[in-house]
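Okay, structure first, notes after.
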Amino acid sequence: MEISQLLLLLCVWALSSLSLQSAEMIEHCPDRILDNEKRRTCPKKCQQDNDCGNKRQCLCDGPCGLSCVAPGRTCPWPLPSSEHFNVTLLSPSPSFSALLEVRCHPGYTMTNGLNATIRRCQGDRQWSGDDPRCTGRNAETEPESKLACPLPDHDLLLIHGSAAVGSTIQYQCAPGSVLVGSSENFCHKDQTWRYPQPVCQRVFCPPPQEVNHGYLVAVQKSEYNMGDTIYYLCKKNFLLDGPNQVTCQLDGTWSTVPSCRARCPIPAQRSRVIVGRVKSWPYDLTDGMVTHGENVTFFCKHPQKSCSFTATETCFDGLLPAPSCYLEPTWFQYKLYPHRLVSEINPCDPAGLDSTSE
Numbered sequence: 001m002e003i004s005q006l007l008l009l010l011c012v013w014a015l016s017s018l019s020l021q022s023a024e025m026i027e028h029c030p031d032r033i034l035d036n037e038k039r040r041t042c043p044k045k046c047q048q049d050n051d052c053g054n055k056r057q058c059l060c061d062g063p064c065g066l067s068c069v070a071p072g073r074t075c076p077w078p079l080p081s082s083e084h085f086n087v088t089l090l091s092p093s094p095s096f097s098a099l100l101e102v103r104c105h106p107g108y109t110m111t112n113g114l115n116a117t118i119r120r121c122q123g124d125r126q127w128s129g130d131d132p133r134c135t136g137r138n139a140e141t142e143p144e145s146k147l148a149c150p151l152p153d154h155d156l157l158l159i160h161g162s163a164a165v166g167s168t169i170q171y172q173c174a175p176g177s178v179l180v181g182s183s184e185n186f187c188h189k190d191q192t193w194r195y196p197q198p199v200c201q202r203v204f205c206p207p208p209q210e211v212n213h214g215y216l217v218a219v220q221k222s223e224y225n226m227g228d229t230i231y232y233l234c235k236k237n238f239l240l241d242g243p244n245q246v247t248c249q250l251d252g253t254w255s256t257v258p259s260c261r262a263r264c265p266i267p268a269q270r271s272r273v274i275v276g277r278v279k280s281w282p283y284d285l286t287d288g289m290v291t292h293g294e295n296v297t298f299f300c301k302h303p304q305k306s307c308s309f310t311a312t313e314t315c316f317d318g319l320l321p322a323p324s325c326y327l328e329p330t331w332f333q334y335k336l337y338p339h340r341l342v343s344e345i346n347p348c349d350p351a352g353l354d355s356t357s358e
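Take the sequence shown: its position 83, counting from 1, is numbered 83 in the UniProt record's numbering, and each next residue is one higher.
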């Protein structure tokens, strides 16, 4: 008798625990998440993940309550654009429970009088609520003959706002063109604009300039559109100084055009020099030359002491001057006393180099 009573108590406790867990899950799933959610179909009902199939979880799905949904599946994105509103994704991706904002352009509102609304990605992979529709304020109640200013007919000119009397509009040009005139206008009571209508002018760049000792990689045209890009290459033994590509800019000019710089012969034959932190004879380097922008360190003899110090010069477009302190060894010094060459003797003590400037 005691055993049967104990089993009965355990069953009652288990049932009450399950009902409490279900109640807790339902409390965490409100009937509605957004006021404008409307559903035609709902996914399978559930109380826990085990009630769902593969790759689905038991999650709160708005008015559908706890439902089996695939959280990785996405709603349509991007949504079609409209001339009367902008759509902005407020979540990192358009997956389940993601939010987006629909905001009407200035001068436009939705049927409920608001100028913005929030939509949610539901378990049926559709955005909540009806497709947005933004119309001019009071467009449905005012007569179609409402006074307005005339709008320009220009393919490149984009207009935001209302042309009704007493309203302000903003102008914007399509990519590849620039606005000439005021970017904003106001419609007077006599149906005239405060400023003349602006125009959009296409931006073109002339053919790019040639570069000495270089090649131009581009489709040959009489004019180039804004944003067009061309490339430059240098001939053999020349170094490109600057960007290898240039772009047609908004003002009709090309961005910085590079140059092709020549290599420099080293003005030393019978003395070692330092190039790239390596001490070498000039004839050990390729053609005895260095590239544009490269540094060459020469060895100079102290005027009073038997020691050497260094001086550095930089190659610039074929020109590399020797330092004023450098003296080229004679052929006899180079052949008969190579160990006495300035580049081979001991360096001077840095503390005693001040006298070299006297």
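Quick reminder that beta carbons are idealized off the backbone N, C-alpha and C, glycines included.
Predicted, not measured: the structure shown is a model, and the values here were computed from it.
Task: Val342 versus His292: straight-line alpha-carbon distance, rounded - done: 26 Å
Task: C-alpha distance - Leu99 paired with Pro150, whole-angstrom precision - done: 39 Å
- [ ] Taking Leu158 as part of the beta strand (DSSP E), name the residues at either end of that continuous run.
- [x] Leu157 to Gly161
Open item on the list: Rounded to whole angstroms, what is the Cα-Cα separation between His302 and Val273?
Closed with: 17 Å
Task: Through-space distance from Arg261 to Pro267, alpha-carbon basis - done: 18 Å
- [ ] Run the CB neighbour count on Asp61, radius 10 Å, all protein chains shown included, and call it buried at 16 or more, exposed below.
- [x] buried
Task: Rounded separation between Tyr231 and Asn225 - CA only - done: 15 Å
- [ ] Check whether the Cβ atoms of Tyr171 and Cys134 lie closer than 8 Å to each other.
- [x] no
Open item on the list: Just to confirm my understanding: we take Asn244, look at its own chain, exclude 5 residues before and 5 after, and list those with CB closer than 8 Å. What are they?
Closed with: Tyr231, Tyr232, Leu233 and Pro258
TODO: Tell me whether Ala351 is buried or exposed, calling it buried when 16 or more other Cβ atoms sit within 10 Å of its Cβ.
DONE: exposed
TODO: Return helix, strand or coil for Asp317, following the three-state DSSP convention.
DONE: coil
Task: Local conformation of Tyr334 per DSSP, three classes - done: helix
Task: Contacting residues, own chain, Cβ-Cβ under 7 Å from Cys248 (five flanking each side not counted) - done: Cys205, Tyr224, Asn225, Met226, Gly227, Asp228 and Trp254
TODO: Note down the Cα distance separating Cys75 from Ser182, rounded to an integer number of angstroms.
DONE: 41 Å
Open item on the list: Checking the sheet assignment: what are the DSSP bridge partners for Glu210?
Closed with: Paired residues: none, contrary to the question.
Task: C-beta atoms of Gln48 and Cys58 nearer than 8 Å - done: yes
Task: Three-state class that DSSP yields for Gly136 in the structure shown - done: strand
TODO: Would you mind reading off the limits of the beta strand (DSSP E) that contains Thr88?
DONE: Phe85 to Leu89
- [ ] Report the three-state DSSP secondary structure of Asn50 (helix, strand or coil).
- [x] helix
Task: For Tyr231, the first and last residue of its enclosing beta strand (DSSP E) - done: Thr229 to Cys234
Task: Cβ shell of Lys235 (< 6 Å), same chain only, five flanking positions each side left out - done: His213
- [ ] Take Gln191 and list the residues in its own chain whose beta-carbon comes closer than 8 Å to its own, dropping the five residues that flank it on each side.
- [x] Leu147, Ala148, Cys149, Pro150 and Val165
Task: Residue closest to Arg103, alpha-carbon to alpha-carbon, out of Pro94, Leu89 and Ser97 - done: Leu89
Open item on the list: Alpha carbons only, please: which of Arg340, Cys315 and Leu319 is nearest the one belonging to Cys300?
Closed with: Arg340
TODO: Go through its chain and collect everything with a Cβ distance to Asp317's Cβ below 7 Å, but skip five positions before and after it.
DONE: Arg261, Ala262 and His292
TODO: Closer than 7 Å by C-beta to Ile345: which residues in its own chain qualify, once you throw out the five before and the five after it? Chain order, please.
DONE: Ser306, Cys307 and Ser308
- [ ] Return the Cβ separation of Pro198 and Leu179 in integer angstroms, given the expectation that the two are a contact with Cβ distance under 8 Å.
- [x] 5 Å
TODO: Kindly identify the DSSP beta-bridge partner or partners of Glu184.
DONE: Gln170
Task: Beta-ladder partner(s) of Val178, from DSSP - done: Gln201
TODO: Confirm, please, whether the CB-CB distance from Tyr337 to Phe298 is below 8 Å.
DONE: no
Task: Reference Tyr215; option with closest CA among Ser82, Ala116 and Leu240 - done: Leu240
TODO: Return the first residue and the last residue of the beta strand (DSSP E) that Phe299 is part of.
DONE: Asn295 to Lys301
Open item on the list: Let me check understanding here. Comparing Cα to Cα, which of Ile169, Leu158 and Asn295 lies closest to Glu184?
Closed with: Ile169
Open item on the list: For Gly53 and Val87, what's the separation of their Cα atoms in angstroms?
Closed with: 34 Å
Task: C-alpha gap between Ala174 and Arg120, whole angstroms - done: 32 Å
Open item on the list: At the level of alpha carbons, what is the spacing between Thr312 and Ala218?
Closed with: 40 Å
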